[in-house]
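**Q** One structure is given below, represented as structure tokens, and several questions about it will come after.
2 protein chains.
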Amino acid sequence: MTPRTSAQGRSTAFHTATTSVEDYAKTIYGLAEWDGASVTASALAKTLGVSNPSVTLMMRKMAELGLVEHRPYAPIALTDAGRQLALAMVRRHRLIETWLVRELRYGWDEVHEEAERLEHAVSETFVDRLDMRLGHPRVDPHGDPIPGPDLTLNYPQTELLCRVPAAAEVRLEQVDDGVPDALLALDTHRVPIGAHATVTATEGGDVVLSPTRTVGEQAAEDIRLTHEITHAMRVSLIR
Amino acid sequence: MTPRTSAQGRSTAFHTATTSVEDYAKTIYGLAEWDGASVTASALAKTLGVSNPSVTLMMRKMAELGLVEHRPYAPIALTDAGRQLALAMVRRHRLIETWLVRELRYGWDEVHEEAERLEHAVSETFVDRLDMRLGHPRVDPHGDPIPGPDLTLNYPQTELLCRVPAAAEVRLEQVDDGVPDALLALDTHRVPIGAHATVTATEGGDVVLSPTRTVGEQAAEDIRLTHEITHAMRVSLIR
DNA sequence: AGTATGGTTTAGGCACACCTAAAACTGCAA
DNA sequence: TTGCAGTTTTAGGTGTGCCTAAACCATACT
């Protein structure tokens with residue numbers, strides 16, 4: 001493949017970003033953001049589905065590009081430039097997903113893969129026009145906030161579902177679109193973004209969610225969720 | 240870049256097609272189709288903007304994949320499989336352009352580059368849904384016919400403008416979206432696809448086009464077109 | 001027919017991104 | 001404090017696609 005600099009018209013010094021570089025930046029950002037943990041080389045390798053040495057090599061390259069901070073054997077962090085690139089990719093991804101669901105009638109569980117490819121192919125112009133056409137949405141179909149044109153992102157006060165204490169009452173805010181099982185679980189039990197529920201039990205990592213019934217709806221059944229799934233959801237605590 | 244097999248969900252044996260292979264197939268098809276000439280290695284190299292040896296190597300590869308017929312030192316031709324791939328790419332390209340113009344308010348002179356990148360990133364599913372949303376258009380914004388889902392293509396009886404005899408009366412049918420000057424010329428002189436005109440003079444390859452004035456329109460001025468531009472337009476002869 | 005001229009192919013290399021296997025480092029535990 | 005386990009990095013190698021320079025063939029011209 002050509003030394004492909006993916007989409008043209010990138011705003012600043014991102015001309016050098018290849019598809020891979022974009023993916024690495026986005027993944028580092030996601031790991032740090034979603035989990036709040038410090039990013040290790042092996043976590044990155046596992047998430048991206050590449051070997052450990054590949055990560056080392058890429059980190060050297062991205063450090064030279066000024067996108068990551070990485071001293072040997074130390075954890076990995078994005079620089080400001082790296083974060084900008086990551087946020088630009090997140091913006092692309094989420095706008096594309098919103099569009100696929102709204103206008104091409106994709107299911108919310110189908111959009112991830114498609115967006116994953118498209119986000120590397122579209123231009124800055126495209127993103128801006130799409131944003132305009134969609135009416136500057138602030139949240140994508142999975143409840144994830146969409147960075148604005150200035151790449152700022154206002155996260156609501158949310159918590160990973162797997163970290164919520166038992167007996168808490170919560171509102172479902174976000175689902176990680178990269179975890180099909182999580183989307184499927186919510187879909188089959190008819191639990192949409194914004195649904196209220198009580199966390200009734202926690203044992204061995206699993207969580208049981210009791211949806212609070214809404215006026216005019218039949219009582220939904222309890223849902224048992226594995227750790228992998230509760231790790232892919234974010235909720236806000238009520239009261 | 241990964242041995243990227245571009246978009247998933249390709250119908251038949253195209254799983255092996257990389258972005259480059261797709262571009263080669265499309266270009267070979269375009270050269271053979273638009274000009275009706277036999278495709279030489281150097282013509283291909285020039286059109287694709289690569290060196291001659293690169294073409295040789297790629298032809299070897301594509302011959303092994305069963306996409307082209309190519310004996311050393313002989314001209315290049317697509318096999319049936321190769322033509323299928325090319326038509327699939329043409330379909331993608333033209334549907335995407337139609338969509339960009341209709342729904343994202345792109346100018347018809349802006350869409351080519353964007354479509355060029357997107358066509359390698361979208362899935363079969365995406366193409367089908369786009370086709371449905373657009374109402375199964377049969378022609379793109381440049382007047383080029385769009386292959387149907389079965390990849391058949393009905394060309395109207397057209398002729399390259401540069402080959403039309405002087406004093407002929409013609410109807411503008413297609414413009415090659417890859418030639419910005421042609422699009423610009425038509426745009427500035429307000430000559431849309433479907434316009435009628437008389438070819439009033441031909442000298443040294445250049446052509447002068449006298450638009451036939453339509454009811455209620457002011458008489459348009461004559462337009463002088465270089466050979467490069469008349470080579471990028473197709474017309475049907477009236478009577 | 002013999003040679004010149006051009007297009008075509010081989011030869012040798014580079015950049016990107018990935019891999020496995022082996023060496024090197026960190027930090028915790030005995 | 002020393003050793004070991006696990007992580008991280010180096011070393012060496014693959015596949016794709018591109019390049020320049022040099023050899024090759026095929027045809028057109030004298």
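If you read the protein sequences in the order shown, they are chains A and B. Sequential numbering from 1 applies to the first sequence in my numbering. Sequential numbering from 240 applies to the second sequence in my numbering. Ideal placement from N, C-alpha and C gives every residue a C-beta, glycine not left out.
For A:Glu221 and chain B, any beta-carbon pair shorter than 8 Å?
**A** Here the question's residue 221 of chain A lines up with position 221 in the first sequence. Not one chain B Cβ lies under 8 Å of A:Glu221.
**Q** Taking just the CA atoms, how far does A:His142 sit from A:Arg94?
**A** Working through the first sequence from its first residue, we reach residue 94 of chain A at position 94. Working through the first sequence from its first residue, we reach residue 142 of chain A at position 142. Roughly 9 Å separates the two Cα atoms.
**Q** Within 8 Å, do at least three Cβ pairs link the region 42-59 of chain A to the region 107-115 of chain A?
**A** Segments in contact, no.
**Q** Helix, strand or coil: which one does DSSP assign to B:Gln323?
**A** Translated into the one-based positions of the second sequence, residue 323 of chain B becomes position 84. If DSSP states are grouped into helix, strand and coil, B:Gln323 belongs with the helices.
**Q** Straight-line CA distance for B:Pro431 to B:Gln413?
**A** Residue 431 of chain B sits at position 192 when you count from the first residue of the second sequence. Residue 413 of chain B sits at position 174 when you count from the first residue of the second sequence. If you take the alpha carbons of B:Pro431 and B:Gln413, they lie about 10 Å apart.
**Q** Which class does A:Val90 belong to by DSSP, given the choice of helix, strand or coil?
**A** Locating residue 90 of chain A in the first sequence gives position 90, where the first residue counts as 1. Note: A:Val90 maps to helix in three-state DSSP.
**Q** Pull out every residue of the region 354-371 of chain B whose Cβ sits closer than 8 Å to any Cβ of chain A, in chain order.
**A** Answer set for the region 354-371 of chain B: Arg356, Leu357, His359, Ala360, Val361, Ser362, Thr364, Phe365, Arg368, Leu369.
**Q** What residues from the region 98-110 of chain A come within 9 Å of chain B, judged by C-beta to C-beta, listed N to C?
**A** The residues in question are Leu100, Glu103, Leu104, Arg105, Tyr106, Glu110.
**Q** May I ask you to report which of helix, strand or coil DSSP gives B:Val294?
**A** Within the second sequence, residue 294 of chain B is the residue found at index 55, counting from 1. Here B:Val294 sits in helix by DSSP.
**Q** Using a Cβ-Cβ cut-off of 8 Å, state whether A:His231 counts as contacting chain B.
**A** Numbered from its first residue, the first sequence carries residue 231 of chain A at position 231. No, A:His231 lies away from the interface with chain B (no Cβ there is under 8 Å from its Cβ).
**Q** Provide the residue(s) that pair with A:Gln240 in DSSP beta bridges, ordered along the chain.
**A** Because residue 240 of chain A is not part of the residues shown, which for chain A are 1 to 239, the question remains open.
**Q** What is the residue span of the beta strand (DSSP E) that B:Leu400 lies within?
**A** By 1-based counting over the second sequence, the position of residue 400 of chain B is 161. Unbroken run through B:Leu400: none, as it is neither H nor E.
**Q** I need the straight-line Cα distance from A:Val207 to A:Leu237, nearest angstrom please.
**A** Looking up residue 207 of chain A in the first sequence gives position 207. Looking up residue 237 of chain A in the first sequence gives position 237. Computed Cα separation, rounded: 15 Å.
**Q** For A:Arg138, which option in A:Phe126, A:Ser123, A:Arg234, A:Tyr155 has the closest C-alpha, if you only look at C-alpha atoms?
**A** Position 138 of the first sequence holds residue 138 of chain A. Answer by Cα proximity: A:Tyr155.
**Q** Rounded to the nearest angstrom, what separates A:Thr40 and A:Ala232 at their Cα positions?
**A** Taking the first residue of the first sequence as position 1, residue 40 of chain A is located at position 40. Taking the first residue of the first sequence as position 1, residue 232 of chain A is located at position 232. Rounded to the nearest angstrom, the two C-alpha atoms are 19 Å apart.
**Q** Roughly how many angstroms separate the alpha carbons of B:Glu363 and B:Val438, rounded to a whole number?
**A** Along the second sequence, read from residue 1 onward, the residue named residue 363 of chain B stands at position 124. Along the second sequence, read from residue 1 onward, the residue named residue 438 of chain B stands at position 199. Spanning the two alpha carbons is a distance of roughly 42 Å.
**Q** Is the beta carbon of B:Asp367 closer than 8 Å to that of B:Pro386?
**A** Taking the second sequence and counting its residues from 1, the one referred to as residue 386 of chain B is at position 147. Taking the second sequence and counting its residues from 1, the one referred to as residue 367 of chain B is at position 128. No; because the gap between Cβ atoms is not below 8 Å, this pair is not in contact.
**Q** Would A:Ala196 and A:Glu221 qualify as a contact pair, given that the criterion is a beta-carbon distance under 8 Å?
**A** In the first sequence, the residue the question calls residue 196 of chain A occupies position 196. In the first sequence, the residue the question calls residue 221 of chain A occupies position 221. In the sequence as displayed, the identity of residue 196 of chain A is His instead of Ala. No, these two residues do not count as a Cβ contact at 8 Å.
**Q** So, with DSSP's three-state summary, where would you put A:Val139?
**A** As a first step, residue 139 of chain A is located in the first sequence; it is residue number 139 there, counting from the start. Strand at A:Val139.
**Q** Going by DSSP, what residue range makes up the beta strand (DSSP E) through A:Leu225?
**A** Translated into the one-based positions of the first sequence, residue 225 of chain A becomes position 225. 223-225 is the extent of the beta strand (DSSP E) around A:Leu225.
**Q** Within 10 angstroms of its Cβ, does B:His466 collect 16 or more other Cβ (buried), or is it exposed?
**A** Stepping through the second sequence from its first residue, residue 466 of chain B is reached at position 227. Under this definition B:His466 is an exposed residue.
**Q** Let me check understanding here. Comparing Cα to Cα, which of B:Gly346, B:Thr427, B:Asp415 lies closest to B:Leu399?
**A** Taking the first residue of the second sequence as 1, we reach residue 399 of chain B at position 160. Nearest option by C-alpha distance: B:Asp415.
**Q** What are the boundary residues of the alpha helix (DSSP H) that B:Val418 is part of?
**A** Counting from one through the second sequence, the residue named residue 418 of chain B turns up at place 179. Careful: B:Val418 lies outside any alpha helix (DSSP H) and carries neither H nor E.
**Q** Output the distance between the C-alpha atoms of B:Ala313 and A:Asp23, rounded to the nearest integer angstrom.
**A** Translated into the one-based positions of the second sequence, residue 313 of chain B becomes position 74. Translated into the one-based positions of the first sequence, residue 23 of chain A becomes position 23. Their Cα atoms are separated by approximately 42 Å.
**Q** What is the rounded straight-line gap between the Cα of B:Val361 and the Cα of B:Arg331?
**A** Within the second sequence, the letter at position 122 stands for residue 361 of chain B. Within the second sequence, the letter at position 92 stands for residue 331 of chain B. Taking the straight line joining both Cα atoms gives about 8 Å.
**Q** To the nearest angstrom, how far is it from the Cα of A:Tyr29 to the Cα of A:Arg71?
**A** Your numbering for residue 29 of chain A matches position 29 in the first sequence. Your numbering for residue 71 of chain A matches position 71 in the first sequence. About 18 Å.
**Q** Determine the DSSP secondary structure at B:Val260, reduced to helix, strand or coil.
**A** On the second sequence, residue 260 of chain B is found 21 positions in, with the first residue counted as 1. Three-state result, B:Val260: helix.
**Q** Would you call the CB atoms of B:Asp274 and B:Glu336 closer than 8 Å?
**A** To locate residue 274 of chain B, count along the second sequence from 1; it is residue 35. To locate residue 336 of chain B, count along the second sequence from 1; it is residue 97. No, Cβ-Cβ distance for B:Asp274 and B:Glu336 is not below 8 Å.
**Q** With a CB to CB cut of under 6 Å and the five nearest residues on each side skipped, what residues in its chain are close to B:Thr251?
**A** The sequence position of residue 251 of chain B within the second sequence is 12, counting from 1. In this predicted model, B:Thr251 has a pLDDT of only 47, less than 50, meaning its place in the structure is not dependable enough to derive any value.
**Q** Give the DSSP bridge partners of A:Ser210, in chain order.
**A** Mapped onto the first sequence, residue 210 of chain A falls at position 210. Per DSSP, A:Thr198.
**Q** If you check the beta carbons only, do B:Gly305 and B:Ala320 fall under 8 Å apart?
**A** Your numbering for residue 305 of chain B matches position 66 in the second sequence. Your numbering for residue 320 of chain B matches position 81 in the second sequence. Yes, the Cβ-Cβ distance between B:Gly305 and B:Ala320 is below 8 Å.
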